[in-house]
Amino acid sequence: MHEKKNGVLTCIVPIDLRRRPKDIISRAANLSMAAMKDNVSISFGLNYSNDRYERLFIEKMSAFSNVSIELVKQKKEVNLSSLRNAAFSNVGTDDLVLLDVDIYPDFSIFIKDIKNNYYEKDKFIIYPCLYLSKSGSKALKNNNLRRIDLLEKYFLFHRMHFLHLASPSSITLMKKHIYKEIGGFNESYIGHGYEDFDFLIRLCKFYSILPEDTDSFIDKPSRSPLFAIGFRRFLGRLCFPKLLSKEILLHIYHDKYQCESDNYYEFKKNNFCFFKNEHHVFFKNEISDANDTLISEFINYVSMNKGSIHDYSIYFENKPGHIDRLDTFKRRLRFLLNG
Numbered sequence: 005m006h007e008k009k010n011g012v013l014t015c016i017v018p019i020d021l022r023r024r025p026k027d028i029i030s031r032a033a034n035l036s037m038a039a040m041k042d043n044v045s046i047s048f049g050l051n052y053s054n055d056r057y058e059r060l061f062i063e064k065m066s067a068f069s070n071v072s073i074e075l076v077k078q079k080k081e082v083n084l085s086s087l088r089n090a091a092f093s094n095v096g097t098d099d100l101v102l103l104d105v106d107i108y109p110d111f112s113i114f115i116k117d118i119k120n121n122y123y124e125k126d127k128f129i130i131y132p133c134l135y136l137s138k139s140g141s142k143a144l145k146n147n148n149l150r151r152i153d154l155l156e157k158y159f160l161f162h163r164m165h166f167l168h169l170a171s172p173s174s175i176t177l178m179k180k181h182i183y184k185e186i187g188g189f190n191e192s193y194i195g196h197g198y199e200d201f202d203f204l205i206r207l208c209k210f211y212s213i214l215p216e217d218t219d220s221f222i223d224k225p226s227r228s229p230l231f232a233i234g235f236r237r238f239l240g241r242l243c244f245p246k247l248l249s250k251e252i253l254l255h256i257y258h259d260k261y262q263c264e265s266d267n268y269y270e271f272k273k274n275n276f277c278f279f280k281n282e283h284h285v286f287f288k289n290e291i292s293d294a295n296d297t298l299i300s301e302f303i304n305y306v307s308m309n310k311g312s313i314h315d316y317s318i319y320f321e322n323k324p325g326h327i328d329r330l331d332t333f334k335r336r337l338r339f340l341l342n343g
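Right, dumping it as structure tokens:
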């Protein structure tokens with residue numbers, strides 16, 4: 005849609021405006037503005053049906069010289085894979101990062117890793133992502149707390165500002181030519197779910213770092229990154245360097261989608277079945293020992309890197325995300341009434 009703009013890095017961002025369009029347009033503008041200051045390009049893949057909000061999105065983004073937009077006309081259900089692949093066609097830099105419009109725009113981590121020649125050592129980097137609560141997002145938006153302040157509170161076990169830490173997340177820094185060599189995202193995934201895990205597993209296979217003992221398709225997320233099992237356990241192990249350095253991205257809160265009306269869970273279930281079928285040859289066991297977590301591995305990793313495990317105590321906290329949070333009036337009132 006727009007002429008390609010180069011920079012130190014290009015962010016691939018899928019955009020679907022059928023839900024919370026005003027919020028997404030605002031966040032896309034903030035992302036683009038922050039990127040422009042750091043000489044970072046943004047390539048949006050926009051689900052397009054000539055809707056007024058989509059036209060408004062194009063108009064707003066035209067103000068940024070570092071932004072390109074690729075339009076994708078889809079059927080009823082959004083296909084995030086095709087949006088990312090479309091955005092990839094406008095990448096004009098050697099390095100790219102898979103990003104989401106809800107990620108707080110701090111590009112310094114990516115730029116530092118590029119300057120440190122991440123490719124020579126790691127080939128690619130998967131970043132942990134800390135999901136902020138409504139309270140934490142508001143504090144960040146109003147400049148009451150900076151990103152560094154929020155991370156400090158997180159490591160001190162504050163609960164009000166946080167939901168959970170995703171490790172792995174889909175935020176991945178990699179080389180442009182590798183994205184192309186592995187075929188980009190698989191567009192057979194419909195709706196939301198598992199297209200990112202599929203991509204990461206194929207990326208690992210490309211570099212021959214998928215271990216022979218990868219343990220099954222257990223689909224069980226955990227609040228703690230160290231309690232991961234199944235395929236999340238293997239992918240989570242790749243995040244150890246960033247967990248150690250505490251280089252964590254922030255996800256800004258947004259209201260949940262009204263998913264039930266558009267078959268969200270049905271598509272997610274179907275995607276998981278497709279995911280299993282695609283990768284069954286890489287996974288030897290259907291059943292995994294529930295005790296096979298990342299806990300002992302991370303303790304050893306910290307020790308090998310001359311760190312203190314006490315500095316990372318929060319990573320072991322696996323309490324459900326909402327059980328004792330008091331960040332809304334209703335939760336505080338319920339706490340007081342229940343004594």
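Position one of the sequence shown corresponds to residue 5 (the working numbering), numbered consecutively onward. In this text, a Cβ means the ideal position worked out from N, Cα and C, and glycines have one as well.
How about residue i and residue j: do their beta carbons lie closer than 9 Å?
| i | j | result |
| --- | --- | --- |
| PRO132 | LYS246 | yes |
| ARG241 | GLU301 | yes |
| LEU253 | ILE129 | no |
| TYR257 | LYS138 | yes |
| ASP259 | MET178 | no |
| VAL82 | ARG31 | no |
| ARG24 | ASN51 | no |
| SER226 | PHE320 | no |
| PHE271 | PHE221 | no |
| PHE92 | ILE73 | no |
| ALA143 | LEU134 | no |
| ALA33 | CYS15 | no |
| GLY140 | HIS165 | yes |
| LEU230 | THR297 | yes |
| ILE29 | LEU60 | yes |
Buried or exposed for residue i, going by 16 or more other Cβ atoms inside 10 Å?
| i | result |
| --- | --- |
| ASN121 | exposed |
| PRO215 | exposed |
| ALA232 | buried |
| GLU185 | exposed |
| VAL17 | buried |
| LEU35 | buried |
| ARG237 | buried |
| GLU264 | Note that GLU264 scores 46 on pLDDT, short of 50, meaning its location in the model is unreliable and no value can be drawn from it. |
| LEU13 | buried |
| SER171 | buried |
| ILE19 | buried |
| PHE244 | buried |
| SER66 | exposed |
| SER312 | exposed |
| LEU160 | exposed |
| TYR183 | buried |
| SER212 | exposed |
| VAL285 | exposed |
Report the three-state DSSP secondary structure of residue i (helix, strand or coil).
| i | result |
| --- | --- |
| ASN355 | Residue numbering for the chain in the displayed model covers 5 to 343; residue 355 lies beyond these limits and cannot be assessed. |
| ALA32 | helix |
| PRO18 | strand |
| ILE256 | coil |
| SER312 | coil |
| ASN43 | coil |
| ILE318 | helix |
| VAL12 | coil |
| VAL285 | helix |
| ILE130 | strand |
| ASN83 | strand |
| CYS243 | coil |
| ASN147 | coil |
| PHE203 | helix |
| SER307 | helix |
| SER66 | coil |
| LEU214 | coil |
| LYS209 | helix |
Quickly, what does DSSP pair residue i with across the bridge? List them, please.
| i | result |
| --- | --- |
| TYR193 | TYR193 is not bridged to any residue. |
| HIS168 | TYR135 |
| ASN51 | VAL76 |
| MET178 | LEU100 |
| ILE107 | HIS255 |
| VAL71 | ILE46 |
Taking the alpha carbon of residue i as the point to measure from, which residue in the options has its own alpha carbon closest?
| i | options | result |
| --- | --- | --- |
| LYS157 | SER174, LEU136, LEU177 and ASP200 | LEU136 |
| PHE201 | ARG24, ASN267, SER85 and ARG227 | SER85 |
| ILE107 | ASN94, LEU75, THR176 and LYS64 | THR176 |
| ILE152 | ASN89, CYS15, ASP110 and ILE118 | ASP110 |
| GLU282 | SER141, GLY311, ARG206 and SER317 | ARG206 |
| SER45 | ALA33, ARG59, ASN70 and SER53 | ASN70 |
| GLU199 | VAL285, SER212 and LEU102 | LEU102 |
| ASN10 | ASN94, ASN54 and ARG88 | ASN94 |
| SER249 | ASP315, TYR123 and MET37 | ASP315 |
| GLY96 | PHE189, ASN43, ILE299 and LEU230 | ASN43 |
| PHE279 | PHE235, LYS310, ILE299 and ILE303 | PHE235 |
| LYS145 | ASP27, PHE189, ASP55 and LEU169 | ASP27 |
| LYS79 | MET37, ILE194 and ASP126 | ILE194 |
Following a CB-centred definition, is residue i positioned closer than 8 Å to any heavy atom of the ligand COA?
| i | result |
| --- | --- |
| ARG237 | As presented, the structure is devoid of all ligands, the ligand COA included, so that no description of it is given. |
Using beta carbons (cut-off 9 Å, strictly below), is residue i in contact with chain C?
| i | result |
| --- | --- |
| GLN78 | Going by chain labels, chain C is absent from the structure shown, which holds only one protein chain. |
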